[in-house]
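In terms of our numbering, the sequence shown is residues 680 to 815.
Even glycine gets a Cβ: it sits at the ideal position worked out from N, Cα and C.
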Amino acid sequence: MSPLRIPESELELKAIRSGGPGGQNVNKVATAIQLRFDSQKSSLPDHIKARLMILRDQRINSEGIITITARQYRNQEANRLAAMERLEKILQKAETVPKKRKRTKPTQASVKKRLEAKTKRSQVKQRRTPVKPDDL
């Protein structure tokens with residue numbers, strides 16, 4: 680698989696304020712990055728667009744817009760790179776097609792073992808029946 684190239688024009692990067700520790704810097708500087716990518720209007724191949732819509736990821740909404748918020752670093756550039764890496768991972772996940780499952784039969788030994796266990800259990804339950812007075 681070749682790495683996907685997404686033009687910068689298709690990405691919407693927005694600096695937002697980040698919560699958490701950081702003192703007064705948190706209130707003044709927008710260090711967190713919110714990345715938005717409209718997968719359905721992008722230049723991605725159609726099969727990847729379809730797989731993105733199937734993926735169960737809370738970062739992808741029903742219209743196919745991927746929203747990633749990166750706020751783990753204290754500077755904007757590091758958060759921008761982190762958001763890009765996360766987008767790349769989502770696209771790689773969509774690019775890989777899962778293998779089809781092959782139906783298999785149970786082995787003869789496992790079938791035999793199951794049937795023997797059923798018979799044994801049946802016999803245990805048979806022995807639990809109360810003794811009738813006329814059988815004495």
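Contact between the region 705 to 723 and the region 682 to 695 (3+ Cβ pairs under 8 Å): yes
Rounded straight-line distance, which links the Cα of T783 to that of R738: 36 Å
Residue interval of the alpha helix (DSSP H) (run including A729): D725 to I733
First and last residue of the uninterrupted beta strand (DSSP E) at I739: Counting along the chain, I739 falls outside any beta strand (DSSP E), and DSSP gives it neither H nor E.
Beta carbon of I769 nearer than 8 Å to that of I745: Yes, Cβ-Cβ distance for I769 and I745 is below 8 Å.
Test item: CB-CB of A773 and A762 under 8 Å: no
I747, buried or exposed, once every other Cβ within 10 Å from all chains shown has been counted against 16: With 16 or more Cβ atoms within 10 Å of its Cβ, I747 is classed as buried.
Backbone secondary structure at A762 - three-state DSSP: Reduced to three states, the DSSP call for A762 is helix.
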